[in-house]
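For the sequence shown, counting from 1, position 209 maps to 218 in the working numbering; every step adds exactly one.
Ideal placement from N, C-alpha and C gives every residue a C-beta, glycine not left out.
Have a look at the structure below before the remarks.
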Amino acid sequence: MIYLVEHFFSIQGEGRYSGVPSIFLRFGGCNLRCRGFGAYEIGGERIAGCDTIRAVHTKRFKHMWKSVDDEGALQSVVMQYVDRVAYRPDIILTGGEPMIYAEDPIFYETVVWMLEHGFRVTIETNATLAPPFEAYPAYRDVTFAMAVKLSNSGEPKAKRVVPGIIRRLAEEGNDSFFKFTLDSTSIEKEVEREIREICEPFENEIYCMPLGDNVRQLQANAPVVAEFCLRSGYRYSDRLHVRLWNREEKR
Ligand code: SF4
């Protein structure tokens, strides 16, 4: 069963297609349990976990997830936004971890439909799961934004870095790229060596973004990450949606 947590139309705030108007579909569930960078205040309650807590914390939020029973439902979600504009926005499939559904016929056929209708599709993934591309060839036309988790996620390395999967997404996806979220503490802790070890075998672009789900935190981390990028040669990515709308939801 596929679960859709939320959908919205906004500006892609991160990575290679930063600034592009995009339709976001956020799917529920994840195969990892990152502790994230702290606790989040949601509805007056402090909850520890990653920054997409609504898409991974089943006990607290699953009642808000909608089950998707056919691909027509997802197509309708997309078309309700497309009908408002005179162009094709990008489509971002995010989570949680959307690749837990990669071999589900509804999910896959929806991706095929999106590509056939001229949408550029990006899947934001932790890069620990991938289907065999021979059996699911449409994924060769999808861009994978590979947010491989670092030691600051709290997950064991064997779970968060799966070289064979990274290779498949990096080499067989369409212009796939790496994306890492950093703050001053993580930069002090050998993060450069970790990123190099993960990315070295590949030619794909590497983006580093400052941690921050609000403008103040983002701005506090931005200069440190920018300096890190200058030292290491990686690309700096801001988080435009946070700059523009701070903590507003569905942005
Ligand atoms: S992989 Fe991403 S969505 Fe899953 S728990 Fe970690 S940060 Fe959250």
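Problem - Coil, strand or helix - C217 by DSSP - result: In the three-state reduction of the DSSP assignment, C217 falls in the strand class.
Problem - Cβ-Cβ distance between I204 and S241 below 9 Å - result: Between I204 and S241, the CB-CB gap stays under 9 Å.
Handout entry: Among T190, Y96, I109, the one whose alpha carbon lies nearest that of A231
Key = T190
Practice task
Kindly examine the ligand SF4 and report whether one of its heavy atoms sits closer than 8 Å to the Cβ of T67.
Solution key: no
Handout entry: Distance CB(R35)-CB(T67) smaller than 9 Å
Key = no
Handout entry: Counted within 10 angstroms of its Cβ, other Cβ atoms place R44 as buried (16 or more) or exposed
Key = exposed
Practice task
Could you name the residues that DSSP lists as bridge partners for F76?
Solution key: Phe is not the amino acid found at residue 76; the sequence shown has Ser there. Its beta-bridge partners are Y12.
Handout entry: Selected residue, minimal CA-CA separation from S27, among A95, Y245, R177
Key = Y245
Practice task
Could you give the DSSP three-state label for T190: helix, strand or coil?
Solution key: strand
Handout entry: C-alpha distance - A229 paired with I20, whole-angstrom precision
Key = 22 Å
Exercise for the section: Report yes if the CB atom of F128 is closer than 9 Å to the CB atom of I100, and no otherwise. Expected result: yes
Handout entry: A64 to I56 span [Cα, whole Å]
Key = Rounded to the nearest whole angstrom, the C-alpha separation of A64 and I56 is 13 Å.
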